[in-house]
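In this note's numbering, the protein residues as written are 7 to 471.
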């Protein structure tokens, strides 16, 4: 069978599976083309042992055989998927095994392997471990680790990977991108940073069209870091393109995928110079709670105003659309003492002046650049302006620009929405905030280019064709 024939067979089988089954069990197959790219990227020695412990129909194994590797092993809980790999493409060492339920030693014994493998590759299932999904094992410590690290099937697969791979062996797994920054995965993420050597991370974005979220390829060695750099790649134009090298020791918890040296430098400057939103704004930050029919919803909010309601003069609340898209950026307004529904993020502060000052900063390209790059890890998908992200924002109160920013915000509340004067005011606000944060001209140009490339033209009054 040719690779193209196998690809058709595998995709047909995946399509035959019920959508609910795939979603509940985290079953989303990797195409053989990407599998082959990853194997070539890893530069695996010809005599290495290779295993995919959650292989599905075996795309990584088929690609490995096509590239000339012979010591290849695969397992899955789906008998029909295993049959495709074994009977249709002749992968001999594939077995029906629950590699999450059985520990590494037990799994290796099934093949009579005397030692762990050199390379563990694959795309483990990702689905929350809930009442309907259980891992059938009495391994209490393993289950405890999985629970403490986010209770997801791919988290369980990562823990098992350390048992199946030699010391200094390589693990290459496709996993959700949010593993790099979501707090619930912090225990395992910190363990990897402290006890494993991350070789590289490849941002493949939303490669799997039917999977919610974006993905990365995490490549690591099963041994402690030795002052190594993590090489960050991006999947572009059908290739893995190197972007930046960052010392592994730089990361203490969250792992940010910097796109360039300029991004890395700007991040270090902002992190090292200014306090955080949470240090200065000590009021409430969270979702609206009102159930009233007259409560403001996310859709009622425009940048600096409301669609069908005048902006209050006094009060201490700012309302933000909870849904955040990279194309639009922050959409928020001073809200005085109005009530907000749960589709709105609310923050409060001592007086209306500070609220309007912060409102101006929130709408700036600098703030949206920080949110997108360093809070949402360059995700292009819809995110949420939740407190955990807003509180990370660097915030400075500058006596020289404080009153000017407030004045511009008040003007934007009354000028015709998205008129030419409105856009001119927005540009003045951006300039003021760059001055407030002492952003140099070269850095401004970089941020402007990045944000105008990402954001919809309508928000910049941009005449690009």
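Positions of the beta carbon are idealized from the N, C-alpha and C atoms, including for glycine. These numbers were taken from a predicted model, which means no experiment stands behind them.
(request) Name, in chain order, the residues that DSSP records as bridge partners for residue 57. (result) DSSP, once it has assigned bridges, lists 79, 126 as partnering residue 57.
(request) For residue 424, name the three-state secondary structure that DSSP assigns. (result) DSSP places residue 424 in coil when its eight states are reduced to three.
(request) Leaving out five residues on either side along the sequence, give the residues of the same chain with a beta carbon under 8 Å from the beta carbon of residue 51. (result) These residues qualify, in order along the chain: 124.
(message) Would residue 100 and residue 67 qualify as a contact pair, given that the criterion is a beta-carbon distance under 8 Å?
(response) Against a cut-off of 8 Å, the Cβ pair of residue 67 and residue 100 comes out as a contact.
(request) Could you check what DSSP says for residue 18 in three-state terms: helix, strand or coil? (result) The answer is helix: DSSP assigns residue 18 an H, G or I state.
(message) Excluding the 5 residues flanking residue 442 on each side, which residues of the same chain have their C-beta closer than 7 Å to its C-beta?
(response) Result list for residue 442: 402, 404, 407, in chain order.
(request) Could you have a look at residue 241 and say whether DSSP puts it in helix, strand or coil? (result) Residue 241: strand per DSSP, three-state reduction.
(request) Could you please give the first and the last residue of the uninterrupted alpha helix (DSSP H) stretch that includes residue 292? (result) Membership of residue 292 in any alpha helix (DSSP H) is not indicated; the residue belongs instead to the beta strand (DSSP E) covering 291-293.
(message) Between the alpha carbons of residue 28 and residue 461, how many angstroms are there, rounded?
(response) Going from the Cα of residue 28 to the Cα of residue 461 covers about 33 Å.
(message) Restricting to Cα atoms, I'd like to know which of 167, 172, 173, 155 is closest to residue 187.
(response) Nearest option by C-alpha distance: 155.
(request) Starting from the C-beta of residue 230, find all residues in its chain whose C-beta is less than 6 Å away, skip the five residues before and the five after it, and write them out in chain order. (result) 201, listed in sequence order.
(message) I'd like to confirm something about residue 100: is its beta-carbon nearer than 7 Å to some heavy atom of the ligand GDP, or not?
(response) The ligand content of the structure shown is nil, which means the ligand GDP is not present either.
(message) For the beta strand (DSSP E) containing residue 325, name the first residue and the last one.
(response) Residue 325 -> beta strand (DSSP E) spans 323-327.
(message) Which of the three DSSP states is assigned to residue 272 in this structure?
(response) Helix.
(request) Could you pull the start and end residues of the alpha helix (DSSP H) that residue 462 belongs to? (result) In the DSSP assignment, residue 462 falls outside any alpha helix (DSSP H) and carries neither an H nor an E.
(request) Please go through the same chain and pick out, in chain order, the residues whose beta-carbon is closer than 8 Å to the beta-carbon of residue 212, but skip the five residues on each side of it. (result) Same-chain partners within the cutoff: 219, 220, 221, 386, 387.
(request) Report buried or exposed for residue 470, applying the criterion of at least 16 other Cβ atoms within 10 angstroms of its Cβ. (result) With a pLDDT of 35 at residue 470, under the threshold of 50, the modelled position of this residue cannot be trusted; read the value that follows with caution. With fewer than 16 other Cβ atoms within 10 Å, it is exposed.
(request) For residue 136, count neighbouring Cβ atoms within 10 angstroms of its own Cβ and tell me buried if that reaches 16, exposed if not. (result) Classification for residue 136: exposed.
(request) With a 10 Å radius around its C-beta and 16 neighbouring C-beta atoms as the bar for buried, classify residue 455 as buried or exposed. (result) Under this definition residue 455 is an exposed residue.
(request) Could you tell me how far apart the beta carbons of residue 44 and residue 127 are, in whole angstroms, since I believe they sit closer than 8 Å? (result) Indeed, because the Cβ distance is near 7 Å, the residues count as touching under 8 Å.
(request) For the segment 413-429 and the segment 298-315, state whether three or more C-beta atom pairs, one from each stretch, are separated by less than 8 Å. (result) These segments touch.
(message) Among the candidates 273, 116, 328, whose CA atom is the shortest distance from the CA of residue 294?
(response) Ranking the options by Cα distance to residue 294, first place goes to 328.
(message) Tell me the DSSP secondary structure of residue 369 in three-state form.
(response) Three-state DSSP puts residue 369 in a helix.
(message) Taking 8 Å as the cut-off, does the segment 394-401 touch the segment 279-287 (at least 3 CB pairs, one atom from each stretch)?
(response) Verdict: yes, contact present.
(message) Please return the same chain residues whose Cβ sits closer than 8 Å to the Cβ of residue 436, not counting the five positions on each side in sequence.
(response) Closer than 8 Å at the Cβ level, and outside the excluded window around residue 436, lie 370, 371, 372.
(request) To the nearest angstrom, report how far apart residue 341 and residue 426 are at their CA atoms. (result) Their Cα atoms are separated by approximately 24 Å.
(message) Considering just the uninterrupted stretch of the alpha helix (DSSP H) at residue 146, what are its terminal residues?
(response) Membership of residue 146 in the alpha helix (DSSP H) is indicated by the continuous run 146-154.
(message) Check for me: the alpha helix (DSSP H) holding residue 395 runs from which residue to which?
(response) That run of the alpha helix (DSSP H) goes 393-396.
(message) So, under 8 Å CB-CB, residue 64 and residue 95 are touching, yes? Tell me the CB distance rounded to an integer number of Å.
(response) Right, their Cβ atoms sit about 7 Å apart.
(request) Would you tell me roughly how many angstroms separate the C-alpha atoms of residue 411 and residue 338, rounded to the nearest one? (result) Take the alpha-carbon of residue 411 and the one of residue 338: they are about 15 Å apart.
(request) Entirely within the segment 165-199 and at least 3 residues each: give me those beta strand (DSSP E) ranges in chain order. (result) Correct list: 171-182.
(message) Considering Cα atoms alone, identify which of 378, 88, 357, 171 is closest to residue 319.
(response) Nearest C-alpha to residue 319: 357.
(request) Throw me the rounded Cβ distance for the residue 262 and residue 209 pair, which I believe falls under 8 Å. (result) The C-beta distance from residue 262 to residue 209 rounds to 11 Å, too long to meet the 8 Å contact threshold.
(request) Would you check if the distance between the CB atom of residue 9 and the CB atom of residue 38 is smaller than 8 Å? (result) Contact: yes.
(message) Using CA atoms only, rank isn't needed, just tell me which of 298, 291, 304, 150 is closest to residue 361.
(response) A check of alpha carbon separations from residue 361 across 298, 291, 304, 150 identifies 291 as the nearest.
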